[in-house]
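S.K.:
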Amino acid sequence: MRSREERVGLESTTEHRVGKWAQSKQILTFKFTPAGIRGLPDRIFLRQGKACFIEFKAKGERPSALQEFYLEVLNKEKFRAVYCDNFSDATAFLTAALLTPPVPDAGHTPDADASLSGPLPSAGSWEDIDNAGGGKHPS
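In structure tokens, the structure reads:
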């Protein structure tokens, strides 16, 4: 069995290589380390309004139970989130998730969403929201 230092070294090497590859494809990538929350995936990848997450592992390693939990939560929220233990799987996932154009729905036309274009209506003030029963604004 590999030492923790060996596993972390292999993970970080793959993570670094995938990050460089993503940047070459105009995919934004950030180390995803919110303060005080353990178990979230290592990186977030962003492109053209889409986001996905990868938990990097050393070859043959699996995520912890907490990491598996957060991957499941993200997928239930309609984000693509996986763990990868090698460069090829990670780049194939990113290609499918962020670089491959979606297949249009049957009967969908580009003009179908035309009513969604134009300026957004004003959400009103916090007072309007309070009066509508929307709760109290953050203070």
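Under the working numbering, think of the first position of the sequence shown as -7, with each following residue one higher.
Just so it is clear, CB atoms sit at the ideal spot from N, CA and C, and this is done for glycine as well.
All values reported here derive from a predicted model rather than from experimental measurement.
1) Taking all protein chains shown into account, decide if PHE37 is buried (16 or more other Cβ within 10 angstroms of its Cβ) or exposed.
2) Which stretch, first to last residue, makes up the alpha helix (DSSP H) that contains THR21?
3) The beta strand (DSSP E) with LEU58 in it runs from where to where?
4) Looking only at its own chain, which residues have a Cβ that is under 8 Å from the Cβ of PRO26, when we skip the five neighbours before and after it?
5) Assuming ALA73 contacts LEU58 under a Cβ cut-off of 8 Å, what Cβ separation, rounded to an integer in Å, is found between them?
6) Could you tell me the boundaries of the alpha helix (DSSP H) in which ALA73 lies?
7) To which residues does DSSP link PHE45 through a beta bridge?
8) Measuring straight from C-alpha to C-alpha, what distance separates LEU90 and CYS44?
9) Please state the DSSP three-state secondary structure of ASN123.
10) Under a three-way DSSP split, which group does GLY52 fall into?
M.R.: With the given structure in hand:
1) Residue numbering aside, residue 37 sits at position 45 when the sequence shown is read from its first letter. It is buried - the Cβ of PHE37 has at least 16 other Cβ atoms within 10 Å.
2) Indexing the sequence shown from 1 puts residue 21 at position 29. No alpha helix (DSSP H) contains THR21, which is instead part of the beta strand (DSSP E) from 20 to 23.
3) Locating residue 58 in the sequence shown gives position 66, where the first residue counts as 1. That residue, LEU58, is in no beta strand (DSSP E); its alpha helix (DSSP H) goes 57 to 68.
4) Locating residue 26 in the sequence shown gives position 34, counting from the first residue. Excluding residues within five positions, the ones whose Cβ falls inside 8 Å are LEU32.
5) Here the question's residue 73 lines up with position 81 in the sequence shown. Here the question's residue 58 lines up with position 66 in the sequence shown. Contact doesn't hold; Cβ gap of about 14 Å is too wide.
6) Mapped onto the sequence shown, residue 73 falls at position 81. Premise fails: ALA73 lies in the beta strand (DSSP E), 72 to 76, not in any alpha helix (DSSP H).
7) Your numbering for residue 45 matches position 53 in the sequence shown. Beta-bridge pairing links PHE45 to ILE36 and ALA73.
8) By 1-based counting over the sequence shown, the position of residue 90 is 98. By 1-based counting over the sequence shown, the position of residue 44 is 52. The straight-line gap from Cα to Cα measures roughly 8 Å.
9) One-based indexing of the sequence shown puts residue 123 at position 131. Below a pLDDT of 50, predicted positions are generally treated as unreliable, and ASN123, at 44, falls in that range; the measurement from the model is reported next regardless. Helix at ASN123.
10) Your numbering for residue 52 matches position 60 in the sequence shown. Of the three classes helix, strand and coil, the one that applies to GLY52 here is coil, per DSSP.
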